[in-house]
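So the sequence shown is numbered by full-length UniProt numbering: it starts at 1 and just counts up by one. Built from N, CA and C at the ideal position, the CB exists for glycine as well. Just so you know, these numbers come straight off a predicted model, no measurement behind them. Below: one structure, written as structure tokens.
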Amino acid sequence: MSKKMYTVADIAEITGYNRSTVTRWLDKQKIKNAQMQGNAPLYDAQVLDKFKKTHNSKQNKESKQDKTDKLIAEKDARISALTDEIELLKSQLKVKDDQIRVANQLADQAQKLNLADKPQLTHSAEVEEKKNVTSDTSDDEKQTEKAEEEHKSWISKLFRK
């Protein structure tokens, strides 16, 4: 009844891990070698099974690959969504630029119309100014009369009325 014995290199080769990983795991688990073959420690099949159970070498590698594939797919989806959002924002920006351009054109038109109407407004303003000048002179006359009345004595003010 001979049991199959494995070296650290055999366990590493079977499981697909590095020799240093297997050695560290053996030290952490405090597993002692069953026999020695020259300078190489030998371990029985139970140690190999324990290592396989704790590390799940092939499943672990496959699941890592699946995780990375899933992560890449999610990132690609996010990138495409952001690209679509950028395109939408660019189109909105173009519409806003067009609106600003139209508003500037309307403002320019309004300014030109305002300048075209300005000579008419200045003519009407001159007419109003002439009216104001005549009313200002009559206002000045009234003010001078009031000032003269204030300078008179109180008796003359009293008998004048």
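Worksheet entry | Heavy atom of the ligand PLP within 8 Å of V95 beta-carbon | In terms of ligand content, the structure shown is empty, and the ligand PLP therefore cannot be addressed.
Worksheet entry | As assigned by DSSP and simplified to three states, the class of A34 | Residue state, collapsed to three classes: coil.
Discussion item. Let me confirm a value: I72 is counted as buried when at least 16 other C-beta atoms fall within 10 Å, else exposed. Which label applies?
Written reply: Classification of I72: exposed, given that the 10 Å Cβ count is below 16.
Worksheet item: Whose C-beta lies closer than 6 Å to the C-beta of K30 among residues of the same chain, with five residues either side of it excluded?
Response: Counting only residues of its own chain and dropping the five nearest sequence neighbours on each side, K30 has no CB closer than 6 Å to any other CB.
Worksheet item: How close, in whole Å, do the beta carbons of T23 and V47 come, if the pair is a contact with beta carbons under 8 Å?
Response: Taking the Cβ atoms as the reference, T23 lies roughly 12 Å from V47, outside the contact range of under 8 Å.
Discussion item. Applying the 10 Å Cβ sphere with the 16-neighbour rule, what's the burial state of A26?
Written reply: It should be noted that the sequence gives Leu, not Ala, for residue 26. Per the 10 Å Cβ criterion, buried.
Fill in: Proximity winner among M5, L158, A12, relative to M36 (alpha-carbon distances)
M36 has its Cα closest to that of M5, out of M5, L158, A12.
Worksheet entry | Alpha-carbon to alpha-carbon, E74 and F51 | Going from the Cα of F51 to the Cα of E74 covers about 33 Å.
Discussion item. Could you check whether A34 and D44 sit closer than 9 Å to each other, using their CB atoms as the reference points?
Written reply: Taking C-beta atoms as the reference points, D44 and A34 count as a pair closer than 9 Å.
Worksheet item: From S20 to E13, what distance separates their C-alpha atoms?
Response: About 12 Å.
Practice prompt. With distances taken Cα to Cα, identify the nearest neighbour of P41 among I11, T54, A147.
Written response: Here the closest residue by C-alpha is I11.
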